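To start, the structure itself, in structure tokens.
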Amino acid sequence: MLDGSISPERNYNFDYIQVPILAKIYLSTNFSLDMAPSFNFLVHDEQTYTNINNGEVSFDGNGKSFEFSLGIGATYKFMDNFFGNIRYMRGLTDTFDFELEESNSNVFQIGIGYLFK
Numbered sequence: 001m002l003d004g005s006i007s008p009e010r011n012y013n014f015d016y017i018q019v020p021i022l023a024k025i026y027l028s029t030n031f032s033l034d035m036a037p038s039f040n041f042l043v044h045d046e047q048t049y050t051n052i053n054n055g056e057v058s059f060d061g062n063g064k065s066f067e068f069s070l071g072i073g074a075t076y077k078f079m080d081n082f083f084g085n086i087r088y089m090r091g092l093t094d095t096f097d098f099e100l101e102e103s104n105s106n107v108f109q110i111g112i113g114y115l116f117k
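Quick note: the sequence shown, position 86, residue 86 per my numbering, numbers continuous.
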């Protein structure tokens, strides 16, 4: 800025419980494409503002209690019971309760797992 002031930095932290309904399309015995709508319930949210004059201030955020998203990904089963997956989830509803700016979540997930038979 021209006047030498530093604008504050905003950070948002949202903790959700995700409930996806996963559909798998098997392209081979070990490889599948995954698609999922996900129903996400907000457990905790926090906003942190930081600027050079006031330091850091944290408080409860204004996140919506429910979010709906869609995801796409892939799963690969290696060995007998181990698998790895990768998934991208895109929020379709606004993240905040207020309408000052449009905001949606974007989540990239990588996982490994064990299949119990």
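Where a beta carbon is used, it is the ideal one built from N, C-alpha and C, also for glycine.
Please read these numbers as outputs of a predicted model, since none were measured by experiment.
8 Å contact criterion, which residue i and residue j should meet: CB distance rounded
| i | j | result |
| --- | --- | --- |
| Y114 | N81 | 5 Å |
Distance CB(residue i)-CB(residue j) smaller than 7 Å
| i | j | result |
| --- | --- | --- |
| F31 | Y76 | yes |
| I110 | I86 | yes |
| P20 | N51 | no |
Three-state secondary structure (DSSP) of residue i
| i | result |
| --- | --- |
| M35 | strand |
| T48 | strand |
| I17 | strand |
| N85 | strand |
| K24 | strand |
| L115 | coil |
| S69 | strand |
Contacts around residue i, its chain only, beta-carbon distance under 8 Å, and the 5 residues preceding and following it disregarded
| i | result |
| --- | --- |
| L42 | F14, D15, Y16, G63, K64, S65, F66 and E67 |
| D97 | N62, G63 and K64 |
Sequence-distant residues of its chain with Cβ nearer than 6 Å to residue i (five each side left out)
| i | result |
| --- | --- |
| T93 | E67 and F68 |
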